[in-house]
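Everything on this sheet refers to the single structure shown next.
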Amino acid sequence: MGDLLGADYALVEKNALYRCLDKLVPHKEALFSHLRQRWQDLFGAKFDVLLYDLTSTYFESPPPDDKEDKRRFGWSRDKRKDCVQVMIALIVTPEGFPIAYEVLPGNTSDKTTLRGMLRKIEAQYGKANRTWVMDRGIPTEEVLAEMVAADPPVSYLVGTPKGRLNKLEKALLKRPWQAVREGVDVKLLPQEQELYVFAQSHARIHKERSMRKRKLKWLWARLKEIATMDIDREELLMKFGAARKEARAAWRLIDIEVDPKAAKFTYKLNREKLRTVRRREGRYLLRTNLSGQDPAQLWQFYIQLVEIEASFKTMKDDLNLRPIYHQVIPRVEAHIFVAFLAYCLHVTLRARLKPLAPGLTPRAALDKFAAVQMIDVHFPTTDGRTLVMSRYTEFNADQKLLVRQLKLDPPPQPPPRITATAATQTAPAHAL
């Protein structure tokens, strides 16, 4: 970077980068507004549908003493219960363009975050007819009522917990299936000011059914194996615990009775639970206040939640968001801000690749360009000095094709440098 920009190593010196972190976060809101306008200009992005979800990222540091510190123990999506964490609330469009995020304490409950994010978006971008798409567990009944009562009303499409499906199952059974696209059917159930959408995907049914059969088959074989073991009752219970951890969903389908005194047990398949599970595999219940919307469009909105899950995966894996080693919260927030900026570049690259190099992912493009290297070529001169030419390596055929497709202009090769001889370095200024 220093060679390309005509700067020395001080540009990327560690402490200089740390000091830059301290200057970033105050510009966060201005950046959100800038990005929104740029994505609209470059790609015609729309922001009337917003996907909202949360994730966590952990720290390699001891728990803080300050009670106001955001690093807290909480439910870890990274399966690192031993580490403190912070929560990240992210809002993206269905195309993956992020328009806002917020860093929250690590013990924040998902359902307490939506009201604040609604106000944040309204303050940042003004009031508008927006549709918020969320998974179950985020909105509360109180916040949904506030969204309906807002002026203008705020639309929502959310998943529902299984308990609500139990209550509406009988009413849904009487409703006919409607095909919204090949392999996807829905049932519509109007309820007061809401519309319930019961959707099924045949591909999802086959996938979930296959997974369930595989786990159930493994668990049945494991129980049969445990039944033949010569072990005491305590060890039997430990093996049950390990088997349950390995196949938790399948464990619910088997009734196990353990002898209260001996290391003996009986087990059988609960066919009633199995029938219930089979009815719900590959199916999910949605609720919305968009009563006049096309069912196919509602289903499409909801499955786009995978886009925000992909955003989290990219930030954590490709962009190395985790773990965080900073000890000071402003630096922590700046670290996440840098990861957010990197993800914005990642999304922009993907949007450029889509029409110009379809089928090529941002990761594949970056891997191709990673082969380009910067080297210094040294030429000794007759007077004892050295001519140094910094050059990036010539592009190979794939790289040339990619640069041409993306309509990129490679940077110019840096100008040559020449070192002074030992005699010149020690000579007085007037001699030079």
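Letter by letter, the sequence shown follows residues 2 to 433 in the numbering used here. We put the beta carbon where it would ideally sit given N, CA and C, even for glycine. The structure presented is a predicted model; accordingly, all values stated were derived computationally and were not measured.
Smallest Cα separation from residue i: which of the options?
i, options, result
"ALA248", "GLU235, LEU237, LYS269 and ARG223", "ARG223"
"GLY164", "LYS214, LEU286 and PHE33", "LEU286"
"LEU30", "MET88, GLY97 and GLU103", "Before going on, a small fix: residue 30 reads as Glu here, not Leu. Among MET88, GLY97 and GLU103, the Cα nearest to that of GLU30 is on GLU103."
"THR109", "ILE139, ALA101, ARG131 and TRP133", "ILE139"
"PRO264", "ARG276, GLU236 and ALA200", "According to the sequence provided, residue 264 is Ala. The question's Pro does not apply to it. Answer by Cα proximity: GLU236."
"CYS84", "GLY97, PRO65 and VAL93", "PRO65"
"LEU158", "ILE419, GLN301 and VAL404", "GLN301"
"ARG279", "ALA250, VAL259 and LYS269", "ALA250"
"ARG78", "ASP111, ASP399 and ASP67", "ASP111"
"LEU270", "LYS246, PHE370, ALA124 and LYS225", "LYS225"
"LYS171", "LYS24, THR277 and ALA421", "THR277"
"LEU238", "GLN38, GLY75 and PRO261", "PRO261"
"GLY410", "GLN400, ILE419 and PRO331", "Per the sequence shown, the amino acid found at residue 410 is Asp instead of Gly. Among GLN400, ILE419 and PRO331, the Cα nearest to that of ASP410 belongs to GLN400."
"ASP42", "LEU357, ARG353 and ALA371", "ARG353"
"GLU123", "PHE33, ALA358 and VAL87", "PHE33"
"VAL329", "TYR53, MET316, LEU291 and PHE60", "PHE60"
The alpha helix (DSSP H) spanning residue i covers which residue range?
i, result
"LEU238", "234 to 247"
"GLU310", "306 to 314"
"GLU258", "Element bounds for GLU258: not the alpha helix (DSSP H) but the beta strand (DSSP E), 255 to 259."
"LYS274", "272 to 281"
"ILE100", "Careful: ILE100 lies outside any alpha helix (DSSP H), inside the beta strand (DSSP E) at 99 to 106."
"HIS347", "330 to 357"
"TYR326", "Segment: none, TYR326 is in no alpha helix (DSSP H) and carries neither H nor E."
"GLN201", "From DSSP, GLN201 is part of no alpha helix (DSSP H) but of the beta strand (DSSP E) over 195 to 202."
Work out the CA separation of residue j and residue i for me, nearest whole Å.
i, j, result
"LEU12", "THR349", "25 Å"
"LEU55", "PRO106", "12 Å"
"ARG72", "ALA343", "23 Å"
"CYS21", "GLY3", "16 Å"
"MET230", "LYS240", "11 Å"
"LEU433", "LEU6", "Low local confidence applies: a pLDDT of 39 at LEU433 is under 50, so the model's placement there is unreliable, with the coordinate-based value given in what follows. The straight-line gap from Cα to Cα measures roughly 29 Å."
"GLN305", "LEU91", "14 Å"
"ILE255", "PRO177", "32 Å"
"ALA430", "ILE325", "Residue placement at ALA430 cannot be trusted, given a pLDDT of 45 that sits under 50; the coordinates are not used to answer."
"PRO296", "VAL187", "7 Å"
"LYS274", "TRP252", "11 Å"
"LEU36", "LEU407", "20 Å"
"LEU115", "VAL134", "11 Å"
"GLU310", "VAL155", "23 Å"
"ALA8", "LYS208", "54 Å"
"ASN16", "LYS355", "38 Å"
"LEU320", "VAL149", "38 Å"
"TYR268", "MET118", "48 Å"
"LEU367", "HIS336", "22 Å"
"GLU183", "ARG213", "24 Å"
"THR394", "ASP384", "29 Å"
"GLY360", "ARG234", "57 Å"
"LYS128", "ASP49", "11 Å"
"ASP434", "PRO27", "There is simply no residue 434 to check, as the chain begins at 2 and stops at 433 in what is shown."
"ALA365", "VAL339", "22 Å"
"TYR10", "VAL144", "52 Å"
"PHE266", "ILE232", "12 Å"
"ARG316", "SER292", "Reading off the sequence shown, one finds Met at residue 316, where the question assumed Arg. Whole-angstrom Cα-Cα distance: 35 Å."
"SER391", "ARG405", "24 Å"
"LEU174", "SER211", "24 Å"
Classify residue i as buried or exposed, calling it buried when 16 or more other Cβ atoms lie within 10 Å of its own Cβ.
i, result
"GLU334", "buried"
"HIS379", "exposed"
"ALA428", "Any answer about ALA428 is weak, because its pLDDT of 45 lies below 50 and its placement is not dependable; what the coordinates show is given next. Per the 10 Å Cβ criterion, exposed."
"VAL373", "exposed"
"GLN179", "exposed"
"LEU388", "exposed"
"TYR19", "exposed"
"ILE89", "buried"
"TYR303", "buried"
"TRP40", "buried"
"GLY242", "exposed"
"GLN414", "exposed"
"ALA101", "buried"
Considering residue i, what are the terminal residues of the beta strand (DSSP E) in which it resides?
i, result
"SER62", "Element bounds for SER62: n/a, residue is neither H nor E."
"PHE74", "Unbroken run through PHE74: none, as it is neither H nor E."
"TRP178", "No beta strand (DSSP E) contains TRP178, which DSSP labels as neither H nor E."
"VAL404", "Premise fails: VAL404 lies in the alpha helix (DSSP H), 398 to 406, not in any beta strand (DSSP E)."
"THR132", "132 to 135"
Would you verify that the beta carbon of residue i is, or is not, closer than 7 Å to some beta carbon of chain D?
i, result
"GLN86", "Annotation note: the requested chain D is absent from the structure, which comprises a single protein chain."
Can you round the beta-carbon distance between residue i and residue j to whole angstroms, since I take them to be within the 8 Å contact cut?
i, j, result
"GLY97", "SER312", "6 Å"
"PRO99", "PHE341", "7 Å"
"THR113", "LYS47", "29 Å between Cβ atoms; not a contact."
"LYS369", "LEU346", "LYS369 to LEU346, Cβ: 16 Å. No contact."
"LEU51", "ARG131", "6 Å"
"TYR197", "ARG288", "5 Å"
"PRO331", "ASP23", "6 Å"
Relative to the ligand ZN, is the shortest distance from any of its heavy atoms to the C-beta of residue i smaller than 6 Å?
i, result
"LYS262", "As presented, the structure is devoid of all ligands, the ligand ZN included, so that no description of it is given."
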